Amino acid sequence: CTRYKIKRMSRAIYYKSCCPEWNHNGDQNCNIPICSPACQRGATCVAPYKCECNPDQAEYNMDCER
Numbered sequence: 002c003t004r005y006k007i008k009r010m011s012r013a014i015y016y017k018s019c020c021p022e023w024n025h026n027g028d029q030n031c032n033i034p035i036c037s038p039a040c041q042r043g044a045t046c047v048a049p050y051k052c053e054c055n056p057d058q059a060e061y062n063m064d065c066e067r
């Protein structure tokens, strides 16, 4: 999800910003989900506020998801 903002100064400046639950790694493609609080015990953030266990660790660590 990407949206545009207008910043008023002496002229209009358009710039991209990510929607609240997404981030980017500098390339302006807002495809990195934000999990807050961060995923714990080997889990990976796969969607906003959704952690998923690493398949290799799931059977040994049943509570890796938050």
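Last residue of the sequence shown: 67 in this note's numbering, with the numbers rising by one and none dropped. Every residue, glycine too, gets a C-beta built ideally from N, C-alpha and C. Remember, it's a predicted structure, so these values are computed and weren't measured experimentally.
Residue i bridges to which residues according to DSSP?
i   : result
I33 : N24
A48 : K51
Do residue j and residue i have their beta-carbon atoms positioned less than 7 Å apart in this structure?
i   : j   : result
E22 : P56 : no
N26 : I35 : no
C31 : C40 : no
Whose C-beta lies closer than 6 Å to the C-beta of residue i among residues of the same chain, with five residues either side of it excluded?
i   : result
T45 : E53
Whose C-beta lies closer than 8 Å to the C-beta of residue i among residues of the same chain, with five residues either side of it excluded?
i   : result
K51 : P34, C36
Can you list, in chain order, the residues of its chain with a C-beta nearer than 7 Å to that of residue i? Leave out the 5 residues immediately preceding and following it.
i   : result
V47 : P34, E53
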